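In this note's numbering, the protein residues as written are 4 to 264.
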């Protein structure tokens, strides 16, 4: 009875599962005007092209699920053309909360050691090797922390007050990582974490437009799982100008999105 309990080995996985959710019928969930003068469909296509480059650069096992909610035929055809390996599930009018919960259920069916990347449709990959870095650093930081961690690949300015942030900083061969305590619905971790703390994610079902209650509850997850972000960012949430980090050239972004495909 006094023997130490044997600790479970920290996951070291090469298999990455992307669970992507997309809807081009709603321009922006919070009702504000997006900072690029293009349609949601065009913006999603531009973001998908950056994902396509990342998948091409990732030479490890990968599975790509897509929850397509109330999407145009144009976008569905674009997905099939650019991602022939896609595991596509189409729905009508699930809504933001229900579509995210569908993603959680997929993750809940995976092997514990699978890396799972929840990805929203308006995220641009800033580099072509983000998936490679994500896989490497999920493994490395988990091993160093002696617990399976999570990574949100974005850098939100609202995490800083008066240019100060007081938190843990981890350094790997890839770069610097800051520990944070909140995320959007785009983040990566291990499927075992999703199974263990599923209840903290499924409260998102209670989310309604204009209410942040479920999102606040969901952030309880990050009291259970160490969450890190890279500095500088690997991805950009393409919604509002004020959440674009200062070190990213906004005019260059604007040109990219508003130029023809």
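Heads up, the beta-carbon is just placed ideally off N, CA and C, and yes, glycines get one too.
This structure is a prediction, so every number in the text was calculated from the model and none was measured.
Of the residues the options, the one placed nearest residue i, counting alpha carbons only
i, options, result
"residue 25", "79, 66, 209", "79"
"residue 60", "158, 136, 260", "136"
"residue 71", "56, 57, 22", "22"
"residue 258", "46, 29, 30, 36", "46"
"residue 37", "242, 51, 177, 107", "242"
"residue 103", "159, 205, 58", "205"
"residue 124", "226, 90, 244, 50", "50"
"residue 250", "260, 235, 106", "235"
"residue 260", "52, 19, 29", "52"
"residue 223", "187, 81, 177, 90", "187"
"residue 262", "30, 48, 12", "48"
"residue 203", "108, 92, 143", "108"
"residue 228", "199, 172, 89", "199"
"residue 98", "30, 233, 172", "30"
"residue 148", "264, 19, 256, 230", "230"
"residue 20", "112, 82, 81, 42", "112"
Integer-rounded CB distance, given that residue j should sit under 8 Å from residue i
i, j, result
"residue 126", "residue 240", "6 Å"
"residue 69", "residue 92", "7 Å"
Own chain residues within Cβ distance below 8 Å of residue i, not counting five before or after
i, result
"residue 17", "63, 64, 138"
"residue 238", "126, 127, 128, 129, 133, 156, 157, 189"
"residue 55", "85, 86"
"residue 168", "162, 181"
"residue 44", "27, 75, 77, 78"
"residue 174", "180"
"residue 90", "66, 67, 68, 69"
"residue 172", "179, 180, 181, 182"
Close Cβ partners of residue i (< 6 Å) along its chain, the five nearest in sequence each way excluded
i, result
"residue 96", "73"
"residue 116", "14, 16"
"residue 225", "184"
"residue 254", "none"
"residue 94", "72"
"residue 146", "13"
"residue 170", "181, 182"
"residue 105", "70"
Beta-ladder partner(s) of residue i, from DSSP
i, result
"residue 36", "BP columns for residue 36 are empty, so no partner."
"residue 20", "66, 119"
"residue 126", "240"
"residue 233", "180"
"residue 162", "DSSP, once it has assigned bridges, lists no residue as partnering residue 162."
"residue 167", "164"
"residue 192", "119"
"residue 259", "BP columns for residue 259 are empty, so no partner."
"residue 25", "71"
Cβ neighbours of residue i in the same chain (closer than 7 Å, five flanking residues each side left out)
i, result
"residue 110", "22, 119, 194, 197"
"residue 246", "159, 160, 240"
"residue 177", "136, 139, 140"
"residue 40", "261"
CB contact below 8 Å: residue i versus chain C
i, result
"residue 126", "The structure shown contains no chain C; it is built from a single protein chain."
Proximity test, residue i beta-carbon vs the ligand NAP heavy atom, cut-off 7 Å
i, result
"residue 242", "In terms of ligand content, the structure shown is empty, and the ligand NAP therefore cannot be addressed."
Contact between the segment 192-199 and the segment 149-159: three or more CB pairs below 8 Å?
Judged by pairs of C-beta atoms under 8 Å, the segment 192-199 touches the segment 149-159, as three or more such pairs exist.
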